[in-house]
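End of the sequence shown sits at 381 in my numbering; the numbers just go up one at a time, nothing left out. We put the CB at the ideal spot given by N, CA and C, even for glycine.
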Amino acid sequence: MGYTILLTDIDNTLLDFTAGSRAAIRGVLEALGIPFTQERLHRYLTINASLWEAFERGDIPKSAIYPTRFETFLGELGVEADPVAVNRRYMEGLRDNIFFMPHCWEFLNAIRGKVKLYAVTNGDTMTQEARLRTSGLDAYFDGVFISEQMGCKKPEPAFFDQVFAAIGPVNKKDCLLLGDSLTSDMQGGRNAGVDTCLLGRVEADPRCDYIVGDLLDVLPLLGC
């Protein structure tokens, strides 16, 4: 018998955020008359990731991420543009460009009706709700928890306290947290007292109970 409750991240766990960002950044750069390159994409993703990590540590508020990432990115490109407007276009691009992680649908269909599935994400509310709805993933969840609506975030214990209060009495030994981030997902699982599974090819880390390279590798953990 495997875990019966799965708490899962969304970005780069079920939805391919990197591919979505690539399409969104391409649209932003084209609108600004700037050629798209892999180097520019990589630089944006690096800037964005560093700001999200600062948010997860509590160093900056979430509201600072959106203008700052494009202030920095556009500044490095030597481009004068309104970072708020550019961010808005980028977020629209994310909502319009949906990509799935490998074997996402096979995984979800295999666990449907057998495992309680809850989304736990630090993403933007409007964007995440739109992406889940557009992608059709929303139909698979028993509940969706977005940090922006909760007043706290992964990896804070308060975030998971609210999750468990909402889903009702559970034995944490029955719960598994799946995600791609060591700092928000794996550390969050540790803080919440549940087992963790990292999706990604990394070396062993004490915050991870399991490390898998593909969503289908999670199925045996769920008894599916």
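Which same chain residues end up closer than 8 Å to residue i when comparing Cβ atoms and leaving out the 5 residues on each side of it in sequence?
i      : result
Glu263 : Leu372, Leu373
Leu376 : Phe264, Ala267, Ile268
Met258 : Asn169, Thr170, Leu171, Leu172, Asp173, Leu356, Leu372
Val243 : Val185, Leu189, Phe227, Leu231
Glu210 : Thr340
Taking only three categories from DSSP, how would you classify residue i?
i      : result
Leu208 : helix
Phe174 : helix
Thr278 : strand
Thr161 : coil
Lys311 : coil
Phe302 : strand
Val320 : helix
Val375 : helix
Val369 : strand
Thr194 : coil
Arg179 : helix
Glu237 : coil
Gly386 : Residue 386 lies beyond the residue range present for the chain, which begins at 158 and ends at 381; the question has no answer from this structure.
Asp362 : coil
Asn244 : helix
Gly345 : helix
Spell out the partners DSSP gives residue i in its beta bridges.
i      : result
Phe257 : Leu172
Gly336 : Leu355
Lys273 : Ile162
Which same chain residues end up closer than 7 Å to residue i when comparing Cβ atoms and leaving out the 5 residues on each side of it in sequence?
i      : result
Pro240 : Pro224, Phe227, Glu228, Leu231
Thr161 : Val272, Lys273, Asp331
Gly350 : Lys329
Asn254 : Gly177, Ala180, Ala181
Ala315 : Cys309
In angstroms, rounded to a whole number, what distance separates the CA positions of residue i and residue j?
i      : j      : result
Thr282 : Met248 : 11 Å
Ala327 : Ala238 : It is worth fixing the name first, because residue 327 is Val in this sequence and not Ala. Near 50 Å, if we compare the C-alpha coordinates of Ala238 and Val327.
Gly325 : Lys273 : 12 Å
Arg364 : Phe174 : 23 Å
Glu233 : Asp299 : 43 Å
Ile191 : Gln306 : 36 Å
Leu334 : Asp318 : 14 Å
Arg214 : Gly293 : 32 Å
Asp166 : Asp342 : 7 Å
Thr353 : Gly235 : 42 Å
Asp362 : Glu313 : 19 Å
Asp295 : Gly270 : 14 Å
Glu360 : Arg347 : 18 Å
Ala181 : Phe212 : 22 Å
Ala323 : Thr278 : 15 Å
Arg200 : Ser207 : 11 Å
Tell me whether residue i is buried or exposed, calling it buried when 16 or more other Cβ atoms sit within 10 Å of its Cβ.
i      : result
Ser220 : exposed
Thr358 : Reading off the sequence, residue 358 comes out as Arg, not Thr. So Arg358 counts as exposed.
Asp216 : exposed
Cys309 : exposed
Lys311 : buried
Gln195 : exposed
Gly177 : buried
Gly280 : buried
Thr291 : exposed
If you drop the 5 nearest sequence neighbours on each side, which residues of the same chain put their C-beta closer than 6 Å to that of residue i?
i      : result
Arg246 : Val185
Ile368 : Leu355
Gly336 : Asp166, Thr170, Asp342
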